[in-house]
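Visitor: Residue numbering for the sequence shown follows our numbering, beginning at 1 and increasing consecutively.
One structure coming up, written as structure tokens, with questions to follow.
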Amino acid sequence: MTEDFKEKLDLYKKGELSNEEAEKVECELDRFTAMSEYLRQEEKLFEAELKAGLDSGVPSEKLTGKRINRRMVARIARVTVITLLACIVIVPLLYLSLMSVLGSVFRIDEDRFAQEQHFASDFIHMAFPDKAVIGGRNSTQFYKQDFSCELTKGISREAGRLELSVSYSFGRLKKPRVSLEEKLSYYNRDLFYAVNKDTYFNPTEWSLLEKAPSGTNAQIFVTYRHKLTPGEAKAALGAQYFLPSGGFTVDMLADTGSTLALANYNPSYYYIINNGNSSKMDDTDFINSFDSYDDETHKEVMLYGLEKIKENEHLASYISEYYTNGGRQALGDTGKMLEYVKNNGVLYIGAVISGDAKELLKLKENPEIYSCRVDEITVW
Numbered sequence: 001m002t003e004d005f006k007e008k009l010d011l012y013k014k015g016e017l018s019n020e021e022a023e024k025v026e027c028e029l030d031r032f033t034a035m036s037e038y039l040r041q042e043e044k045l046f047e048a049e050l051k052a053g054l055d056s057g058v059p060s061e062k063l064t065g066k067r068i069n070r071r072m073v074a075r076i077a078r079v080t081v082i083t084l085l086a087c088i089v090i091v092p093l094l095y096l097s098l099m100s101v102l103g104s105v106f107r108i109d110e111d112r113f114a115q116e117q118h119f120a121s122d123f124i125h126m127a128f129p130d131k132a133v134i135g136g137r138n139s140t141q142f143y144k145q146d147f148s149c150e151l152t153k154g155i156s157r158e159a160g161r162l163e164l165s166v167s168y169s170f171g172r173l174k175k176p177r178v179s180l181e182e183k184l185s186y187y188n189r190d191l192f193y194a195v196n197k198d199t200y201f202n203p204t205e206w207s208l209l210e211k212a213p214s215g216t217n218a219q220i221f222v223t224y225r226h227k228l229t230p231g232e233a234k235a236a237l238g239a240q241y242f243l244p245s246g247g248f249t250v251d252m253l254a255d256t257g258s259t260l261a262l263a264n265y266n267p268s269y270y271y272i273i274n275n276g277n278s279s280k281m282d283d284t285d286f287i288n289s290f291d292s293y294d295d296e297t298h299k300e301v302m303l304y305g306l307e308k309i310k311e312n313e314h315l316a317s318y319i320s321e322y323y324t325n326g327g328r329q330a331l332g333d334t335g336k337m338l339e340y341v342k343n344n345g346v347l348y349i350g351a352v353i354s355g356d357a358k359e360l361l362k363l364k365e366n367p368e369i370y371s372c373r374v375d376e377i378t379v380w
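Next comes the structure, spelled out in structure tokens:
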């Protein structure tokens, strides 16, 4: 109530106001009375609702103001606890549901993810047949998946371990993370058939095998004097280098019509692909399988491998860029590679062979072998 209205109210009580001003004061009084009555009714209604929500066994005359306040506080506390518990349960459920929905949109299909991991491993086997590959994969948040490939030397598992980690974010391939002490090099066809081969390969590296003590294991890279068909290459080396009992690992490198020489898609290229029985074969069974794996079969398997590279060219390019000094151009044109192999078949130009150094030294007398480079030698 303002001071001006109080003065007018005093004058109204004394009867000193004009009729018009007296009517205004009466209107204000009526409005104030109506508001006060409304508030009293609201207060009574609130008390009735409050008492109805409390323990009906307690007589209303005993519900003092303090007890009512205590019960109000308890009720508020219960509501708060229930709300917090609901948030603790509901919010994570909502988060997981959201992740599931977003994951179904952005994640790579598990089958495709597994296929790309297998391809990376197979491609490394084709491009770097002297390395063993160990892989693992991981899926974390909805937007990230990754797999890794660790490469180790074929005869020295602790030497030269290299790692490639390929990540996918929001379903897209991201730049791989590579842990390398040094860049690897592809087997380059042009080095095999340079005008002056002695510039690139030193035949005197046979001497390293000659000086090696008995029991030494070695990994060598040999080149053939001419391009050889699978049948000619097998005959040139001799079946003893491929027998399970021989203790050798052989990966022959094929001309692809580009600078890149590749091992066949199936790392154990002389086995019937996917037969799964190579480890159980004795020498006789193996020879039968070995002989049945003819030139046409080598061609079919190589074409299959090149088709896989073409289908996954984006991933192969990343591996080429971050595993080699040659960059993506080292991969070459897969379309031209396919056409070359279709027209010419598989022609082998060299081989990576691991085994006993003294046994490998016998290749020095092989007329089809032009040169030898010792990539690794280990005394066990």
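Glycine is no exception: its CB is placed at the ideal position from the N, C-alpha and C atoms.
Please read these numbers as outputs of a predicted model, since none were measured by experiment.
If you count every other CB in all the chains shown that lies within 10 Å of the CB of Ile90, and 16 or more means buried, which is it?
Guide: In the sequence shown, residue 90 corresponds to position 90, counting from 1. The residue in question, Ile90, is exposed, as its Cβ has fewer than 16 Cβ neighbours within 10 Å.
Visitor: If you draw a straight line from the C-alpha of Glu26 to the C-alpha of Val81, how long is it?
Guide: Counting from 1 along the sequence shown, the entry for residue 26 is found at position 26. Counting from 1 along the sequence shown, the entry for residue 81 is found at position 81. So the two alpha carbons sit approximately 52 Å from each other.
Visitor: For the beta strand (DSSP E) holding Gly247, just list the boundary residues, first then last.
Guide: Sequence index remark: in the sequence shown, residue 247 carries index 247 (1-based). No beta strand (DSSP E) contains Gly247, which DSSP labels as neither H nor E.
Visitor: Between which two residues does the beta strand (DSSP E) containing Val222 stretch?
Guide: As a first step, residue 222 is located in the sequence shown; it is residue number 222 there, counting from the start. Counting along the chain, the beta strand (DSSP E) containing Val222 begins and ends at 216–228.
Visitor: Hey, could you find the ends of the beta strand (DSSP E) Asp399 is sitting in?
Guide: Any question about residue 399 goes unanswered here, given that the chain covers just 1 to 380.
Visitor: Less than 8 Å between the C-beta atoms of Ser371 and Val250, yes or no?
Guide: Indexing the sequence shown from 1 puts residue 371 at position 371. Indexing the sequence shown from 1 puts residue 250 at position 250. Not a contact, by the Cβ cut-off of 8 Å.
Visitor: Can you tell me where the alpha helix (DSSP H) holding Ser18 begins and where it ends?
Guide: Reading the sequence shown from its first residue, position 18 is the one you call residue 18. Here Ser18 belongs to no alpha helix (DSSP H), and DSSP marks it neither H nor E.
Visitor: Taking the alpha helix (DSSP H) that Tyr12 belongs to, which residues open and close that run?
Guide: For this step, residue 12 is matched to residue 12 along the sequence shown. Per DSSP, Tyr12 belongs to the alpha helix (DSSP H) from 3–14.
Visitor: Under 7 Å Cβ to Cβ from Phe123, same chain only, skipping five residues before and after it: list those, please.
Guide: The count along the sequence shown starts at 1 and reaches residue 123 at position 123. Hits under 7 Å: Ile309, Ala316, Ile319.
Visitor: Are the CB atoms of Val341 and Asp295 nearer to each other than 8 Å?
Guide: Sequence index remark: in the sequence shown, residue 341 carries index 341 (1-based). Sequence index remark: in the sequence shown, residue 295 carries index 295 (1-based). Their beta carbons are not under 8 Å apart, which means Val341 does not touch Asp295 by this criterion.
Visitor: Hey, out of Thr259, Ser258, Ala236, whose CA is closest to Met252's CA?
Guide: Sequence index remark: in the sequence shown, residue 252 carries index 252 (1-based). Of the listed residues, the one whose Cα sits closest to Met252 is Ala236.
Visitor: Would you kindly work out how many angstroms separate the C-alpha atoms of Val389 and Glu37, rounded to a whole number?
Guide: Since the displayed the chain opens at 1 and closes at 380, residue 389 lies outside it and no answer follows.
Visitor: For Ile369, tell me which candidate among Gly350, Gly355, Ser97 has the shortest Cα-Cα distance.
Guide: By 1-based counting over the sequence shown, the position of residue 369 is 369. Measuring from the Cα of Ile369, the nearest candidate turns out to be Gly350.
Visitor: Near Phe5, what residues of its chain come up, given a Cβ to Cβ distance below 7 Å and the 5 sequence neighbours on each side ignored?
Guide: Indexing the sequence shown from 1 puts residue 5 at position 5. Closer than 7 Å at Cβ, skipping near neighbours: Glu28.
Visitor: Find out if the Cβ-Cβ distance for the pair Pro230, His125 is shorter than 8 Å.
Guide: Here the question's residue 230 lines up with position 230 in the sequence shown. Here the question's residue 125 lines up with position 125 in the sequence shown. The answer is no: Cβ separation not under 8 Å.
Visitor: Considering Val259, what are the terminal residues of the alpha helix (DSSP H) in which it resides?
Guide: Taking the first residue of the sequence shown as 1, we reach residue 259 at position 259. It is Thr, not Val, that sits at residue 259 in the sequence shown. Thr259 -> no alpha helix (DSSP H), and no H or E assigned at all.
Visitor: Could you spell out the range, first to last residue, of the alpha helix (DSSP H) harbouring Gly335?
Guide: Residue mapping note: residue 335 aligns to position 335 of the sequence shown, counting from 1. Looking at the DSSP string, the run of the alpha helix (DSSP H) that includes Gly335 is 334–344.
Visitor: Would Tyr247 and Asp356 be called neighbours here (beta carbons separated by less than 8 Å)?
Guide: Translated into positions along the sequence shown, residue 247 becomes position 247. Translated into positions along the sequence shown, residue 356 becomes position 356. Position check: residue 247 holds Gly in this sequence, whereas Tyr was assumed. Taking 8 Å as the Cβ cut-off, Gly247 and Asp356 qualify as a contacting pair.
Visitor: Roughly how many whole angstroms lie between the Cα atoms of Met35 and Leu96?
Guide: Position 35 of the sequence shown, counting from 1, holds the residue named residue 35. Position 96 of the sequence shown, counting from 1, holds the residue named residue 96. Their Cα atoms are separated by approximately 53 Å.
Visitor: Here's a check: name, in chain order, each residue in its chain whose Cβ is nearer than 6 Å to the Cβ of Ala233, leaving out the five neighbours to either side.
Guide: In the sequence shown, residue 233 corresponds to position 233, counting from 1. Closer than 6 Å at the Cβ level, and outside the excluded window around Ala233, lie Met252, Tyr348.
Visitor: DSSP state of Asp375, grouped into three classes?
Guide: In the sequence shown, counting from the first residue as 1, residue 375 sits at position 375. Correct three-state label for Asp375: strand.
Visitor: Confirm, please, whether the CB-CB distance from His314 to Leu173 is below 8 Å.
Guide: Indexing the sequence shown from 1 puts residue 173 at position 173. Indexing the sequence shown from 1 puts residue 314 at position 314. Contact: yes.
Visitor: Cα separation between Glu376 and Val166?
Guide: Position 376 of the sequence shown, counted from the first residue, corresponds to residue 376. Position 166 of the sequence shown, counted from the first residue, corresponds to residue 166. Spanning the two alpha carbons is a distance of roughly 28 Å.
Visitor: Expressed to the nearest angstrom, what Euclidean distance is found between the alpha-carbon atoms of Lys227 and Asn312?
Guide: As a position in the sequence shown, residue 227 is number 227, starting the count at 1. As a position in the sequence shown, residue 312 is number 312, starting the count at 1. Answer to the nearest angstrom: the Cα atoms are 28 Å apart.
Visitor: Please report the residue range of the alpha helix (DSSP H) in which Tyr304 lies.
Guide: Within the sequence shown, numbered from 1, the residue matching residue 304 stands at position 304. First-last of the alpha helix (DSSP H) with Tyr304: 295–311.
Visitor: Assuming Leu260 and Leu306 make a contact with CB atoms under 8 Å, what is their CB distance in whole Å?
Guide: Stepping through the sequence shown from its first residue, residue 260 is reached at position 260. Stepping through the sequence shown from its first residue, residue 306 is reached at position 306. That belief does not hold up - the Cβ atoms of Leu260 and Leu306 are roughly 11 Å apart, past 8 Å.
Visitor: With DSSP as the reference, label Ala236 as helix, strand or coil.
Guide: Within the sequence shown, numbered from 1, the residue matching residue 236 stands at position 236. Secondary structure of Ala236 (DSSP, three-state): helix.
Visitor: For Ala218, count the other beta carbons within 10 Å of its own beta carbon; 16 or more makes it buried, fewer makes it exposed. Which is it?
Guide: Translated into positions along the sequence shown, residue 218 becomes position 218. Per the 10 Å Cβ criterion, buried.
Visitor: Return the bridge partner residues of Ala390 from the DSSP annotation.
Guide: Any property of residue 390 remains undetermined from this structure, which presents the chain solely from 1 to 380.
Visitor: Going by the CB atoms, is the gap between Gly238 and Lys336 shorter than 8 Å?
Guide: The count along the sequence shown starts at 1 and reaches residue 336 at position 336. The count along the sequence shown starts at 1 and reaches residue 238 at position 238. No, they are not a contact pair.
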